[in-house]
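See structure below.
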Amino acid sequence: MTKRDVMRLVFSGKQPPYVPWHCQFTQEPWALLAEHFGGEAAAEAAVDNHILELGSAIGFFKDIGHDRFRDVFGVVWDRTVDKDIGVVEGQVLPEPTLQGYRLPDPLDQRFFAEIPAKIEKHPDRFRVFYIGFSLFERAWTLRGMENLLFDFVDHPAFVHELFTAIADYNIAQVQAALAYDVDAVYFGDDWGQQRGLIMGKPYWDRYIKPQLKRMYGFVRAQGKSQMIHSCGDVDELFDDLIDLGVNCFNPFQPEVMDTAALLEKYRGRLAFHGGLSTQRILPYGSEQVVRAEVRRLLDLGRDGGYIFAPAHAVEGDVPLRNMLAFIEVLKRQRLTWQQSRRKDDTHVAAHIED
């Protein structure tokens with residue numbers, strides 16, 4: 402059974418032979434892993450993820466000097482502190498209008514050029530095309546967070562126009578991506594705070610949900626699975642997301658969600674991806690605490706509906722020993738299953754010979 406097969410069982414609501422995983426890392430911890438294992442290829446093999454990331458989650462960046470980078474939408478990111486993405490600098494849309502602004506080409510071949518080679522290199526992995534900053538986040542990076550939230554009240558027609566244009570862009574890109582043998586599409590879009598939604602449920606229903614219905618509906622109409630990401634306390638949206646066709650939710654933050662209760666409540670209707678605390682346990686816990694929490698999450702997910710991961714990409718405050726700890730526990734549970742399967746095969750063969 403390949404990793405792709407195991408992931409398909411999770412997405413179909415069935416019990417997998419073991420809990421699959423997909424762990425992501427920011428630059429600093431990834432450099433530590435690469436140094437420890439003797440190179441990036443060796444580190445990738447050691448982590449042994451089940452998802453193959455295709456596309457480019459947040460687009461492409463041009464270095465414009467002084468730790469500033471411009472993305473394909475024209476947004477400038479200051480990376481003097483945050484080296485992975487950065488902080489938005491200025492506003493591409495200083496006024497509530499799209500007049501004079503043109504969205505980038507969704508069919509830019511850079512999004513698709515590496516897909517065939519990646520699939521050939523990792524044919525056993527579950528193939529996911531990623532679109533990050535897919536709606537609300539893309540809008541506020543262009544307009545500014547405070548301005549966009551005021552626009553929700555003062556300029557509703559502009560918000561609808563902007564969100565429609567972004568959704569059109571995403572749908573066009575997904576349509577091109579699905580020409581390849583892709584299993585699922587992943588949309589990233591943060592809506593939550595530590596408590597509740599940034600914009601509140603009425604505005605989420607008014608502006609965001611209609612575009613999600615279009616985007617997610619397109620993916621499901623093509624017979625593909627649907628993954629979404631939103632940081633924060635957004636469990637009030639889970640029933641809506643299921644109705645919209647979502648199969649899997651990430652990042653499943655334990656600081657703001659009851660992971661055990663939600664897995665039990667939604668198993669068979671919605672899978673979860675994430676769960677290991679990146680705010681407390683990974684940076685500050687001992688190796689023993691990390692191993693114990695990983696085992697607890699794996700036990701919760703054994704009946705299905707769960708893909709293990711840290712609740713967010715591992716940050717630079719996480720010590721190497723804790724990364725190695727969760728990788729070891731993950732690999733051990735699959736090894737145990739593989740050994741059990743080999744024993745079963747040997748027993749069957751011996752019985753046939755007898």
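Under our numbering, the first residue of the sequence shown is numbered 402, with each subsequent residue one higher. Yeah, the Cβ is synthetic: ideal placement off N, Cα and C, and Gly gets one too.
Tell whether a beta-carbon distance below 7 angstroms holds between Lys421 and Val407.
As a working note, residue 421 is residue 20 in the sequence shown. As a working note, residue 407 is residue 6 in the sequence shown. Looking at the sequence shown, residue 421 is not Lys but Pro. Contact: yes.
Put Lys484 into one of helix, strand or coil per three-state DSSP.
Position 83 of the sequence shown, counting from 1, holds the residue named residue 484. Correct three-state label for Lys484: coil.
What residues match up with His674 in a beta bridge as DSSP calls it?
Here residue 674 refers to the residue found at position 273 when the sequence shown is read from its first residue. In the DSSP output, where bridge partners are listed per residue, His674 has Ile708.
Looking only at its own chain, which residues have a Cβ that is under 8 angstroms from the Cβ of Gly439, when we skip the five neighbours before and after it?
Stepping through the sequence shown from its first residue, residue 439 is reached at position 38. Taken in chain order, the list of residues that qualify is empty.
Under three-state DSSP, which class holds Val647?
The residue you call residue 647 lines up with position 246 of the sequence shown. Secondary structure of Val647 (DSSP, three-state): coil.
Can you determine whether any heavy atom of the ligand HEM sits closer than 6 angstroms to the C-beta of Trp478, and answer yes or no?
Of the ligands one can find in the structure shown there are none, so the ligand HEM has no counterpart to examine.
I'd like to confirm the pairing. Which residues does DSSP put opposite Met616 in its beta bridges?
On the sequence shown, position 215 is the one that residue 616 refers to. None, per the DSSP bridge assignment.
Would DSSP call Leu698 helix, strand or coil?
As a position in the sequence shown, residue 698 is number 297, starting the count at 1. Here Leu698 sits in helix by DSSP.
Whole angstroms is fine: what's the gap from Phe619's alpha carbon to Val647's?
As a working mapping, residue 619 is identified with position 218 in the sequence shown. As a working mapping, residue 647 is identified with position 246 in the sequence shown. Distance between the alpha carbons of Phe619 and Val647 is about 12 angstroms.
Do you know whose CA, among Ala447, Tyr707, Gln574, lies nearest Asn651's CA?
Position 250 of the sequence shown, counting from 1, holds the residue named residue 651. Ranked by Cα distance from Asn651, the first of Ala447, Tyr707, Gln574 is Tyr707.
Sufficient close CB pairs (3 or more, under 8 angstroms) joining the stretch 554-569 to the stretch 521-531
no
What is the rounded straight-line gap between the Cα of Ser687 and the Cα of Pro711?
The count along the sequence shown starts at 1 and reaches residue 687 at position 286. The count along the sequence shown starts at 1 and reaches residue 711 at position 310. Each residue's alpha carbon lies about 16 angstroms from the other.
Which residues in the same chain have their Cβ closer than 7 angstroms to the Cβ of Asp591, if we skip the five residues on either side of it in sequence?
In the sequence shown, the residue the question calls residue 591 occupies position 190. Taken in chain order, the residues that qualify are Glu538, Ser631, Cys632, Gly633.
Assuming Asp479 and Gln428 are in contact, meaning their beta carbons sit under 8 angstroms apart, how far apart are those beta carbons, in whole angstroms?
Stepping through the sequence shown from its first residue, residue 479 is reached at position 78. Stepping through the sequence shown from its first residue, residue 428 is reached at position 27. Not really, about 16 angstroms apart at Cβ, beyond 8 angstroms.
Cβ shell of Leu410 (< 6 angstroms), same chain only, five flanking positions each side left out
The residue given as residue 410 occupies position 9 in the sequence shown. So the qualifying residues of the chain are Pro417.
Can you tell me whether Asp464 is buried or exposed, with buried defined as 16 or more other CB within 10 angstroms of its CB?
Looking up residue 464 in the sequence shown gives position 63. Looking at its Cβ environment, which holds fewer than 16 other Cβ atoms inside 10 Å, Asp464 is exposed.
Environment of Tyr685 [buried if 16+ CB atoms lie within 10 Å]:
If you number the sequence shown from 1, residue 685 lands on position 284. Label assigned to Tyr685: exposed.
Which first and last residues belong to the beta strand (DSSP E) in which Gln627 is found?
The residue you call residue 627 lines up with position 226 of the sequence shown. Residues 626-630.
Quick check on Asp464: does DSSP put it in helix, strand or coil?
Along the sequence shown, read from residue 1 onward, the residue named residue 464 stands at position 63. Asp464: strand per DSSP, three-state reduction.
Return the chain-ordered list of same chain residues with a C-beta closer than 7 angstroms to the C-beta of Ala750, the five sequence neighbours on each side being excluded.
By 1-based counting over the sequence shown, the position of residue 750 is 349. Note on Ala750: pLDDT 40, under 50, position unreliable in the model; the coordinate value appears next. Counting only Cβ-Cβ distances below 7 angstroms, and skipping sequence neighbours, we find nothing.
Would you kindly work out how many angstroms separate the C-alpha atoms of Cys649 and Gln576, rounded to a whole number?
Here residue 649 corresponds to residue number 248 of the sequence shown, with the count starting at 1. Here residue 576 corresponds to residue number 175 of the sequence shown, with the count starting at 1. Computed Cα separation, rounded: 20 angstroms.
How would you write the range of the alpha helix (DSSP H) that Tyr587 sits in, first residue to last?
Counted from its first residue, the sequence shown places residue 587 at position 186. Here Tyr587 belongs to no alpha helix (DSSP H); instead the beta strand (DSSP E) covers 585-589.
Could you tell me if Gly601 is buried or exposed, where buried requires 16 or more neighbouring beta carbons within 10 angstroms of its beta carbon?
Within the sequence shown, numbered from 1, the residue matching residue 601 stands at position 200. Exposed is the call here.
Rounded separation between Ile682 and Arg692 - CA only:
As a first step, residue 682 is located in the sequence shown; it is residue number 281 there, counting from the start. As a first step, residue 692 is located in the sequence shown; it is residue number 291 there, counting from the start. Taking the straight line from one Cα to the other gives about 10 angstroms.
Please report the distance separating the alpha-carbon of Trp541 from that of Leu549.
For the purposes of this step, residue 541 is taken as residue 140 along the sequence shown, with counting starting at 1. For the purposes of this step, residue 549 is taken as residue 148 along the sequence shown, with counting starting at 1. Our two residues, Trp541 and Leu549, have alpha carbons roughly 6 angstroms apart in a direct line.
How many Å lie between Ser535 and Cys424 at the Cα?
The residue labelled residue 535 in the question sits at position 134 within the sequence shown. The residue labelled residue 424 in the question sits at position 23 within the sequence shown. If you draw a straight line from the Cα of Ser535 to the Cα of Cys424, it comes to about 21 angstroms.
Can you name the residues that DSSP bridges to Tyr419?
Within the sequence shown, residue 419 is the residue found at index 18, counting from 1. In the DSSP assignment, no residue is bridged to Tyr419.
Helix, strand or coil at Asp479 [DSSP, three-state]:
Residue mapping note: residue 479 aligns to position 78 of the sequence shown, counting from 1. Strand, per DSSP.
Does Ser626 pass the burial test, meaning 16 or more other C-beta atoms within 10 Å, or should it be called exposed?
As a working note, residue 626 is residue 225 in the sequence shown. Buried, because 16 or more other Cβ atoms sit within 10 Å of the Cβ of Ser626.
With respect to the beta strand (DSSP E) encompassing Tyr531, which residues constitute its N-terminal and C-terminal limits?
Reading the sequence shown from its first residue, position 130 is the one you call residue 531. Residues 527-532.
Identify whether Arg469 lies in helix, strand or coil by the three-state DSSP scheme.
Looking up residue 469 in the sequence shown gives position 68. Arg469: strand per DSSP, three-state reduction.
With a cut-off of 8 angstroms on the beta carbons, I'd call Leu579 and Leu613 a contact; round off their distance for me.
As a first step, residue 579 is located in the sequence shown; it is residue number 178 there, counting from the start. As a first step, residue 613 is located in the sequence shown; it is residue number 212 there, counting from the start. Not really, about 18 angstroms apart at Cβ, beyond 8 angstroms.
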